[in-house]
Amino acid sequence: MNELLDSYAEVAGRDVVNHLCQLAVPLKGMKVVHVNSTKEGGGVAEILRKLVPMMEALGLDVKWEVLEGSPDFYQCTKGFHNAIQGFPVELSESMLDAYQTVNAENAEELRPVLEEADFVIIHDPQPAPFLSFCPNRRGKWVWRCHIDCSRPYRPVWKYLKKWIQDYDASIFSLAQFAQLLPHPQYLIAPSIDPLSEKNINLPEEEIMGVFDQFGLKPDLPLILQVSRFDRFKDPLGVIEAYKQARKMVPLQLVLAGGGATDDPEGEKVLDEVRKAAEDNEDVHVLLLPPDAHRTINALQRASDIVLQKSIKEGFGLTVTEAMWKGKPVIGGDTGGIRLQVVDHFTGFRVRSPEGAALRIRYLLHRMDRLEEMGTRARRLVLENFLLTRHLREYLALMIGVLHGLEDRIDMVQ
Amino acid sequence: MAEQSDDKSPLTQPFNIRDCTLVSMATGYSAQNLREFKEGLLRVPKGSIYHHFWGRFLEPQFDEPEYSNDFSAWVYHRLNEKALAEKLSVIDPTDYEDIESVRQELVERIEDRLYENEFVPWTRADEQFYFVRSQIVVLDTGRYLEIPSDLPSGVPEMTIGSIFYHFIDARKRTEDRSDDFSAWLTGWGDTYNDLRLKLRAVDPFFSSLKELRFTVTNVLEEYFVGGNS
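So the protein sequences, as listed, match chains A and B. The numbering used here puts the first residue of the first sequence at -9, with every later residue one more than the last. The numbering used here puts the first residue of the second sequence at -2, with every later residue one more than the last.
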C-alpha cells in the first residue's frame, strides 16, 4: 500500500483504507480535474491538498487547477459568498462582467485539460461558469458547494443558478443546504484531516505550554470557544454563560479567534467582547494569526470542555476538531452542530447562555460523564467525519454519476 | 479468508464477501408539520423510505438510537408526538411485502394521529425533516469464506460496508428477509439451524455497524469456538 494511504490507515483503520481501494477499482486511470480559486488558505484548499494525493494514490489520474482572477473578480465572488449565506448583496454590472471575463479567460487556458477529463469537479461559485465555456466536454461535471446555502439571497442565487443548472450533479454539505436544481444533488458532509497541524497528536509539553504562553492557570478548569468574532457565533453569550457558571464553579474561559478582518461588524463585535470580558481576569480573548493551527490544536487539547454556542452555523468544523480531541462539546442547537453533538452523548445542545452554564456546571461536577462523552465524541468523528469518509463519498458519487439515477449500482461482475 | 476454490454443490458455494457504500442525495421534499410529513411520505421515491429505515446505518449516528428509524426520531424530537413516534418505531420493514406497503403503513398511522388531533403538530423552520434518498454501490471484495467455520475469523475482518450489505441490506434481498450469513448456512441443511436462529435473534436496529460486527462475531465465536458446533 502507498505510504500516504498507510498513514491514514494508522489513524482511520486498515479496513477503512481497504474499502477505499476497492471502491477506486472501477475508477482507476480516470482523468479527474478539481478546480477552485486558491491553492493556499481556506477550507477548500485545505481539503484538496490531501484529497488530490489520496485520489492519485488510489490510481486515479488527478489534476488540481486554480483559477486566477482580478480584484474586481474577487470582490464579486466575495459578494456571492455572502449572498449564498443569506446576506442581501447588490452586485454591479461591471463586477458581473469581471466575473464572466475571468471565467472565460481561465476556461480558455484550461480547456484542453477540462474537455478531455472524465470528471471535472468545480468548487464553489468562483469557477462555476467554466462548464458553459467548454462546449466539447466529454466527461461528467459536478459542482461542489462548500457554503451554507440554506437561505441564499434570491436575486444572486438566481444569477448563479443559470451557470450551475447544466452540471450533471451538484454536492451540498447538508440536506438543508440543497437547492432546487434540474440534476441530482448529492449530500456530502465536510471532514477534518486527522494528520493536519490542526488535528495531529501533540506532545504533552506542547499542550501544557499554552498555559504559560497565554497566562492561563493550570489548576483551573478551562473552557474554550474557537471562532471568528461574529454575532452568529455568539461570543457574548459564551461570556454570559461563563459568568453564570462561575458563580457555582471556579473556571477560566478562552475565546480564540482570527485577527482583525476587513469586516467592520467583526471589529465591532470584538470590541463588545473585550468590554464584556474586561473585569474578568479569567476570561482571555486571544487574537491568533490565521496559521496558528498548532496553537489552536494545543488549546483544544488543553481544554476540559469546548463550546460552540452558535446561533447559526454551517457545519461547524471547530466542533469536529474538538470532538476529535476527545472533548465534549456544548453547542448551539443549529445547523451541522446537530449532526455532531448528540445531546447527552457527545455533548449538549443548548439554546441560551443559561443552558450552556447549566451544562458546564454539570460536566465539571461529573468528570466521569465528561470523559465518557469525550470518548464517544472522538469515536463519532473517527467513524463519520474524517477525510477518509469524505473521499469514500466522492468515489461513490463518481460511480453514481456514471450510472445515472439508479438506487442500486452493482459493480459485481 | 481464501481465494475462490473448486466447484461445490450449488447450495454450498463459498460465501462471496461483498462490500458496499452509500451516498446520500436530496429529494427536494421537506416537512415542517405532520401534514406536510404525510404528504412527503406519499411523494418521495421508494429509495427515500428505504434510506430512512436502513440507509441511515451508514450515516452519522450514535450507538444508542432511541428509535429504529429516522421518521419516529423526528416525530418525537421535533413534533413532541411521543405516542406516534412509538407507533412508527415498531414498524419493521421486513414484516411487509415491499417498500410500498411500508409507505402505506407509515401514512395510515400518521393519518390516524391527524384524525385524533384538533391541531397539526409543527416545528420550527430550522428543524424540518428533509427526505433523503441514497445510491448504494455494491462491490466484490474478491474474498470468499469456504465453510461456515471460517465465519468467526472472517466477520471481524469485514468492513462496516460489508456488514451493512450482508446483515442489513440482505433483509430486502433474501427470500426469508434475514441476513446473508443465515441464508448461506441453509445450504448445509439442518446442521446449522441453532446458529441461524441465534443470528436471526440479533436485533440490528439499535446499534452501530461496528457494534453489530462485534455482536455477530460474538455469536459466531460462541458457536464455533465455544464448543456448540
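Every residue gets a Cβ at the ideal spot worked out from N, C-alpha and C, and that includes glycine. Keep in mind it's a predicted model, so treat the numbers as computed, not measured.
Interface flag, residue 390 of chain A vs chain B, CB-CB below 7 Å: Residue 390 of chain A belongs to the set of residues whose beta carbon lies under 7 Å from a beta carbon in chain B.
Complete runs of the beta strand (DSSP E) confined to the segment 260 to 343 of chain A [at least 3 residues]: Secondary structure remark: continuous beta strand (DSSP E) runs of at least 3 residues inside the segment 260 to 343 of chain A, in chain order: 273 to 278, 295 to 298, 319 to 322, 337 to 340.
Cα-Cα separation, residue 275 of chain A to residue 286 of chain A: Between residue 275 of chain A and residue 286 of chain A, the C-alpha separation is close to 13 Å.
Contact under 7 Å by Cβ, residue 367 of chain A with residue 313 of chain A: Between residue 367 of chain A and residue 313 of chain A, the C-beta spacing is below 7 Å.
Within chain B, partners of residue 176 of chain A - CB distance below 9 Å: Near residue 176 of chain A (Cβ distances below 9 Å), the residues of chain B are 20, 21, 22, 23, 132.
C-beta contact flag for residue 84 of chain B and residue 106 of chain B at 7 Å: Result yes, Cβ atoms of residue 84 of chain B and residue 106 of chain B sit closer than 7 Å.
Residue 128 of chain B, DSSP secondary structure in three states: Judged by DSSP in its simplified three-state form, residue 128 of chain B adopts strand.
Beta-carbon proximity list for residue 131 of chain A, same chain, < 6 Å, skipping 5 on both sides: Excluding sequence neighbours, residue 131 of chain A sits near 110, 121, 157, 158.
Distance cut-off 6 Å: residue 169 of chain A Cβ against heavy atoms of the ligand FAD: Absence of the ligand FAD is noted for the structure shown, with no ligands found whatsoever.
Rounded C-alpha distance that separates residue 46 of chain B from residue 53 of chain B: Taking the straight line joining both Cα atoms gives about 11 Å.
Buried or exposed by the 16-neighbour rule on C-beta atoms within 10 Å, applied to residue 126 of chain A: Looking at its Cβ environment, which holds fewer than 16 other Cβ atoms inside 10 Å, residue 126 of chain A is exposed.
Inside the segment 42 to 108 of chain A only - alpha helix (DSSP H) runs reaching at least 4 residues: Every alpha helix (DSSP H) stretch that sits fully inside the segment 42 to 108 of chain A and reaches 4 residues is listed by chain position as 61 to 74, 83 to 106.
Validate contact between the segment 168 to 177 of chain B and the segment 148 to 157 of chain B using beta carbons, cut 8 Å, 3 pairs: With a cut-off of 8 Å, the segment 148 to 157 of chain B and the segment 168 to 177 of chain B do not count as touching, because too few Cβ pairs lie within range.
Environment of residue 203 of chain A [buried if 16+ CB atoms lie within 10 Å]: With a 10 Å radius around the Cβ and a threshold of 16 neighbouring Cβ atoms, residue 203 of chain A comes out exposed.
With 16 other Cβ atoms within 10 Å as the buried cut-off, status of residue -3 of chain A: Exposure of residue -3 of chain A is indicated by the presence of fewer than 16 other C-beta atoms within 10 angstroms of its C-beta.
Three-pair Cβ contact test at 8 Å for the segment 317 to 325 of chain A versus the segment 295 to 302 of chain A: When Cβ pairs closer than 8 Å are counted between the two stretches, the segment 317 to 325 of chain A is seen to touch the segment 295 to 302 of chain A, the count reaching three or more.
Three-state class that DSSP yields for residue 120 of chain B in the structure shown: In the displayed model, residue 120 of chain B falls within coil according to three-state DSSP, outside both helix and strand.
Within chain B, partners of residue 383 of chain A - CB distance below 7 Å: Close partners of residue 383 of chain A in chain B (Cβ separation under 7 Å): 20.
Proximal chain A residues relative to residue 138 of chain B, where beta-carbon distance stays under 7 Å: Residues of chain A whose Cβ lies closer than 7 Å to the Cβ of residue 138 of chain B are, in chain order, 12.
Unbroken stretches of the alpha helix (DSSP H), 4 residues or longer, contained in the segment 338 to 403 of chain A: Correct list: 343 to 355, 357 to 374, 377 to 392.
Contacting residues, own chain, Cβ-Cβ under 6 Å from residue 100 of chain A (five flanking each side not counted): Within the same chain, residue 100 of chain A has close Cβ partners 55.
Helix, strand or coil at residue 151 of chain B [DSSP, three-state]: Here residue 151 of chain B sits in helix by DSSP.
Cα-Cα separation, residue 465 of chain A to residue 328 of chain A: This structure leaves residue 465 of chain A out entirely; chain A is present only between -9 and 403.
Same chain only: Cβ atoms within 8 Å of residue 155 of chain A, ignoring 5 sequence neighbours per side: Once the five neighbours on either side are set aside, the close Cβ partners of residue 155 of chain A are 171, 172, 173.
Exposure label - residue 250 of chain A; buried when at least 16 CB within 10 Å: Reliability of the predicted coordinates at residue 250 of chain A is poor, the pLDDT of 46 falling under 50, and the value obtained from them is presented with this limitation in mind. Residue 250 of chain A should be labelled exposed.
Whether residue 349 of chain A touches residue 338 of chain A by CB criterion (7 Å): Yes. Within cutoff.
Residue 375 of chain A burial status per 10 Å Cβ neighbour count (16 or more: buried): Under this definition residue 375 of chain A is a buried residue.
Three-way DSSP call (helix, strand, coil) for residue 227 of chain B in this model: Outside the shown range of chain B, which is -2 to 226, sits residue 227 of chain B, and nothing can be said about it.
Opening and closing residue of the beta strand (DSSP E) in which residue 22 of chain B lies: That run of the beta strand (DSSP E) goes 12 to 28.
Beta-carbon proximity list for residue 278 of chain A, same chain, < 8 Å, skipping 5 on both sides: Same-chain partners within the cutoff: 246, 247, 248, 249, 285, 286.
Chain-order list of residues whose beta-carbon lies under 6 Å from that of residue 200 of chain B (same chain, five-residue window excluded): Excluding residues within five positions, none has a Cβ falling inside 6 Å.
Contact check, residue 21 of chain A vs residue 49 of chain A, beta carbons under 7 Å: Going by C-beta atoms, residue 21 of chain A is not nearer than 7 Å to residue 49 of chain A.
Every unbroken alpha helix (DSSP H) within the segment 184 to 216 of chain A, with a cutoff of 4 residues, ordered by chain: With a minimum length of 4 residues, the unbroken runs of alpha helix (DSSP H) contained wholly in the segment 184 to 216 of chain A fall at 194 to 203.
Residue-chain proximity (residue 48 of chain A, chain B), Cβ-Cβ < 7 Å: Closer than 7 Å: no.
Residue 215 of chain B - DSSP class collapsed to helix/strand/coil: Secondary structure of residue 215 of chain B (DSSP, three-state): helix.
Environment of residue 210 of chain A [buried if 16+ CB atoms lie within 10 Å]: Exposed, because fewer than 16 other Cβ atoms sit within 10 Å of the Cβ of residue 210 of chain A.
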